[in-house]
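Reviewing the structure listed below.
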Amino acid sequence: MELSDELHRLNAARELSGFKSEPAQMRAAAPGKIGELRLGFSLRDGRSILHDLYRVAPLLVQQALYWDEAMPELPICSIISVGGGILQGDRYKIDITVGEGACAHVTSQGANRVHRMDANYASQHQTVTLESGAYLEYLPEVTILYRDARFISRTDIVVAEDATLLYGEMTLAGRKHHHADERFGFDLLSTAVAVRRPSGRKLFTEKILVGKGDPTVDYPAVMRGYDVFANVLCLTPPPVAARIKERFETNFSGEAPRAISGVCRLPNDAGLMLRAVGVETYDVRREVRRFWRIVREEARGRTLPEEFLWR
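Using the numbering used here, you'd call the opening residue of the sequence shown number 299 and step up by one each time.
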């Protein structure tokens, strides 16, 4: 299976220049190490359905389910990794399209583990497209970067002006309860998001780049005292964004809070961004869920169901 053009471009990133050696086991991007997933949602007879599904292991989606009691018309897909996590030399490509007036929710089966590496790196490219009036919640579970991991990801988003996308990335900086050297012990984390309109007009681009030994992660205004961080984009029309921002209360307690969160406006009236840091994954997930509930209520007039007990 050939690499996509997008993954080829990722391979040329400058931050990967020191991580090009081949693994002693299976070579990078060998058959079985290139995962591909394509999901297409559309409105048929007044109902949102998963009409297009293409998958190549180790990425897998079986079918869309409708188990959200607060929004029963919402098709929900869980991305399954049959490989048990991301390994050195893995290359993933995910494409999600939501058609005009349709809605969908995409998540993952559990934490996304990026394992230790002694050669090469792992890369992922995502394309998310929302047509007019579409609504998508794309909220994968937390990504855990093991010690010595190297992971690069880029997400290209095309969103219509009257569509709403809630897209979140949550990261745990190592297996903090496993070993003292796990916290920010990964070699490289490079994540980029680029957003544009269907006309081609660029709205903004954001990139996070963290390498091993970067002293800035422990600055007071960055990650000092915290091990989990989340960036959640809400791309939505300005009137909806204004209502969400008015309702969301910044969480910044003065006495050793377990989590800190706040919302800011994105450039070019693209919407809002939630940023949250916390001690544990569940602390940050609580802030993300608080924002998620407000977004759904203001954008779709529906709330969230009760949290599962096992969460």
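Positions of the beta carbon are idealized from the N, C-alpha and C atoms, including for glycine.
>> What does DSSP give as the partner residue(s) for residue 549 in the beta ladder?
In response: 559
>> By the three-class DSSP mapping on this structure, what secondary structure does residue 522 have?
In response: coil
> So what does DSSP say about residue 579, is it helix, strand or coil?
Replying inline: The answer is helix: DSSP assigns residue 579 an H, G or I state.
>> Between which two residues does the beta strand (DSSP E) holding residue 507 run?
In response: 500–509
> What are the residues that DSSP puts in a beta bridge with residue 593?
Replying inline: The partner list for residue 593 (beta bridge, DSSP) is empty, contrary to what the question assumes.
> On the premise that residue 467 lies in contact with residue 528, defined as a C-beta separation below 8 Å, what is that separation, rounded to the nearest angstrom?
Replying inline: 7 Å
>> Tell me the DSSP secondary structure of residue 391 in three-state form.
In response: strand
> Quick one: Cα of residue 304 to Cα of residue 498, how far?
Replying inline: 17 Å
>> DSSP has residue 350 in a bridge; who is on the other side?
In response: 338
> What is the DSSP secondary structure of residue 475, reduced to helix, strand or coil?
Replying inline: coil
>> Between residue 557 and residue 585, how many whole angstroms is the CB-CB distance? I'm expecting something under 8 Å.
In response: 5 Å between Cβ atoms; contact.
> Taking the continuous beta strand (DSSP E) assigned at residue 305, which residues delimit it?
Replying inline: From DSSP, residue 305 is part of no beta strand (DSSP E) but of the alpha helix (DSSP H) over 303–309.
> Quick one: what does DSSP say residue 588 is sitting in, helix, strand or coil?
Replying inline: Here residue 588 sits in helix by DSSP.
> Does the Cβ-Cβ distance between residue 444 and residue 404 come in under 8 Å?
Replying inline: no
>> For residue 452 and residue 308, what's the separation of their Cα atoms in angstroms?
In response: 8 Å
> From this set, 493, 406, 433, which residue's C-alpha is nearest residue 439's C-alpha?
Replying inline: Of the listed residues, the one whose Cα sits closest to residue 439 is 406.
>> When you compare the CB positions of residue 441 and residue 393, do they come within less than 8 Å of one another, or not?
In response: Against a cut-off of 8 Å, the Cβ pair of residue 393 and residue 441 comes out as no contact.
> residue 538 by DSSP, collapsed to three states: which one?
Replying inline: Of the three classes helix, strand and coil, the one that applies to residue 538 here is helix, per DSSP.
>> What does the alpha-carbon distance come out to for the pair residue 520 and residue 546?
In response: Residue 520 and residue 546 have their alpha carbons spaced roughly 21 Å apart.
> By the 10 Å Cβ neighbour count, where 16 or more other Cβ atoms means buried, how is residue 415 classified, buried or exposed?
Replying inline: Residue 415 is buried by the Cβ-count criterion.
> Exposed or buried, residue 365, counting other C-beta atoms within 10 Å across all chains shown (16 or more means buried)?
Replying inline: exposed
> Could you give the distance in angstroms between the alpha-carbon of residue 456 and the alpha-carbon of residue 401?
Replying inline: Cα to Cα, the separation comes out at about 15 Å.
> Beta-carbon separation of residue 359 and residue 333 under 8 Å?
Replying inline: no
>> Looking only at its chain, what residues have a beta carbon closer than 6 Å to the beta carbon of residue 464, apart from the 5 residues adjacent to it on each side?
In response: The beta carbon of residue 464 sits closer than 6 Å to the beta carbons of 435, 532, 593 from its chain, once the five residues preceding and following it are set aside; these are given in chain order.
> Looking at the unbroken beta strand (DSSP E) that takes in residue 465, where does it start and where does it end?
Replying inline: 462–470
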